[in-house]
Amino acid sequence: MAEKLLIRGARILDPACGRDETGDILIVGGVLEQAGGRISDREARTIDGGGLVAAPGLVDMHVHLRDPGFCEKEDVFSGCRAAAAGGVTSLLAMPNTNPAADSPETVSGILKKAESADARVYVAAAITKGLKSEELCDLAALKKAGAAAFSDDGRPVTDTRLMARALCLAAGLNRRIVSHCEDLSLAGGLMNEGEISRELGVRGTPAAAEDCGTARDIALAESLGVPIHICHVSTAVSAGMIRDAKKRGARITAETAPHYFALTERALLTRNADFRMSPPLRTERDRLAIQEALADGTIDAVATDHAPHTPQEKSDFLTAPNGVVGMETSLAAGITFLV
């Protein structure tokens, strides 16, 4: 007989139908059998759901699983366990692996491996071969292999003409370009350029690096009449540009990450490399602007940009790679800072 679990008195949320009530939940053999009201089942193991929330699984549309190629940092299975721990049941894996997810074989290999993982994995395949912004991948073949979107995340597509072609091709395939907006000629710092970087005596990356990339990609998508999704928005100016473009009817969606609405560059005063990511933590003005953009719908989603490294890699503030984990704590951060 299948195991039965009865959860008593949990708060049951379902945003799709506006449901918000306190009630019981019956799970049979790991599958939801009944939810809401008072449920009686003497055969079920009962736990107290008071103070707990039951809701549909979260979708994290920006995750670096590091698999293949960097499995000392993370792999499909550990990444999906982290997802499950944070209530994430579906995720979109970025293509900056080794090899990059720029071939049908790599895309299908990731999807095959993920079949037995603890979350459903979708793959954003690469826009350009090797993420080098030199030659477009065969986007149609990547879609056939299972790609849900296209991105060179970790880097922008630096060739604007190539980016325009990619936007049009992806639109024709009913897939979206997921864009890392950054002007690399302005980037390369350890943190946000400003008062704190000067106090620490380290090179910073100005907010303009992101804003220039955002402006370019909005202009491209708007002029071509095609959709685009903008990753990890972190500045007030970029949020404002997205807001204005949406008002003009541009087909733009955007995401931010929990650290951009929860933290500021002042966290770097600890010289803790766990606060280093790309784009970097910004100012209090930017943090509040990101919260406002989430509240008014300018930014459509929260995605973690979960990007783990080994403890050894993160041990030195000056030499550590950018990237932080986030799937386990994203829901808690949202409740703490946005509700």
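Numbering (our numbering), first residue to last: -10 to 328.
Note that CB positions come from ideal geometry on N, CA and C, so glycine has one too.
Cβ distance (whole Å) where residue i is taken to contact residue j below 8 Å
i      : j       : result
Glu317 : Gly75   : 4 Å
Asp275 : Ala198  : Not confirmed; about 13 Å, so no contact.
Val112 : Ala136  : 6 Å
Ala208 : Pro216  : Going by Cβ atoms, the distance from Ala208 to Pro216 rounds to 14 Å, so no, they are not a contact pair.
Pro195 : Glu171  : Not a contact, Cβ separation roughly 11 Å.
Glu302 : Ala309  : 6 Å
Ile219 : Tyr249  : Not really, about 13 Å apart at Cβ, beyond 8 Å.
Gly323 : Val291  : 6 Å
Asp49  : Ala72   : 7 Å
Leu320 : Leu47   : 6 Å
Leu125 : Ala155  : 6 Å
Ile1   : Gly12   : 5 Å
Gly193 : Gly183  : 6 Å
Asp141 : Leu120  : 5 Å
Ile14  : Ala(-1) : 6 Å
Boundaries (first-last residue) of the alpha helix (DSSP H) holding residue i
i      : result
Thr325 : Ser319 to Leu327
Asp233 : Ala225 to Lys236
Ile28  : Premise fails: Ile28 is in no alpha helix (DSSP H) and is neither H nor E.
Asp206 : Ala196 to Leu213
Val65  : Val65 to Ala74
Gly98  : Pro93 to Ala103
Glu188 : Glu184 to Leu189
Residue environment, residue i, which counts as buried when at least 16 other CB atoms sit within 10 Å
i      : result
Pro247 : buried
Asn85  : buried
Leu21  : exposed
Cys69  : buried
Ser105 : exposed
Val222 : buried
Leu270 : buried
Pro93  : buried
Lys132 : buried
Glu63  : buried
Thr299 : exposed
Leu128 : buried
Ala234 : buried
Asn181 : buried
Euclidean distance between Cα positions of residue i and residue j
i       : j       : result
His53   : Asp30   : 42 Å
Gly202  : Gly229  : 14 Å
Leu307  : Phe264  : 12 Å
Arg34   : Ile28   : 12 Å
Ala243  : Asn163  : 18 Å
Asp9    : Ala262  : 40 Å
Val110  : Ile99   : 8 Å
Thr147  : Val96   : 23 Å
Arg187  : Thr259  : 14 Å
Leu(-5) : Ile36   : 6 Å
Ala138  : His51   : 11 Å
Val65   : Ala103  : 6 Å
Ala159  : Ser267  : 25 Å
Ala134  : Asp91   : 11 Å
Phe326  : Glu254  : 17 Å
Gly286  : Ala239  : 14 Å
Leu80   : Lys101  : 15 Å
Asp294  : Gly315  : 7 Å
Ile288  : Thr78   : 22 Å
Arg165  : Ala256  : 34 Å
Gly25   : Lys(-7) : 16 Å
Glu281  : Arg232  : 11 Å
Asp200  : Ser227  : 5 Å
Cys6    : Leu179  : 44 Å
Gln23   : Ala108  : 22 Å
Arg150  : Pro4    : 40 Å
Thr117  : Glu123  : 7 Å
Ser212  : Arg237  : 12 Å
Gly58   : Ala130  : 22 Å
Val42   : Ile241  : 32 Å
Ala89   : His169  : 16 Å
Pro45   : Ile16   : 14 Å
Met83   : Glu32   : 44 Å
Gly214  : Gly161  : 12 Å
Leu252  : Leu175  : 23 Å
Ser67   : Gly177  : 29 Å
Opening and closing residue of the beta strand (DSSP E) in which residue i lies
i      : result
Glu22  : Val20 to Ala24
Phe59  : First-last for Phe59: undefined, no H or E at that position.
Asp331 : Nothing about residue 331 can be reported from this structure: the residues present for the chain run from -10 to 328 only.
Ser79  : Val77 to Ala82
Arg0   : Lys(-7) to Asp3
Leu47  : Leu47 to Val52
Thr35  : Arg34 to Asp37
His218 : Ile217 to Ile219
Residue-level contact to chain C via CB, residue i, 9 Å cutoff
i      : result
Ser105 : In the structure shown, chain C cannot be found, because there is only a single protein chain.
*asked:* Just to confirm the assignment: which complete beta strand (DSSP E) runs, minimum length 3, are found wholly within the stretch 231 to 308?
replied: Annotation note: the stretch 231 to 308 contains the following uninterrupted beta strand (DSSP E) runs of length 3 or greater, listed N- to C-terminal: 241 to 245.
*Where are the beta strand (DSSP E) runs, 3 residues long or more, that stay fully inside the stretch 112 to 174, in chain order?*
Residue ranges of uninterrupted beta strand (DSSP E) with 3 or more members, entirely inside the stretch 112 to 174 and ordered along the chain, are 136 to 139.
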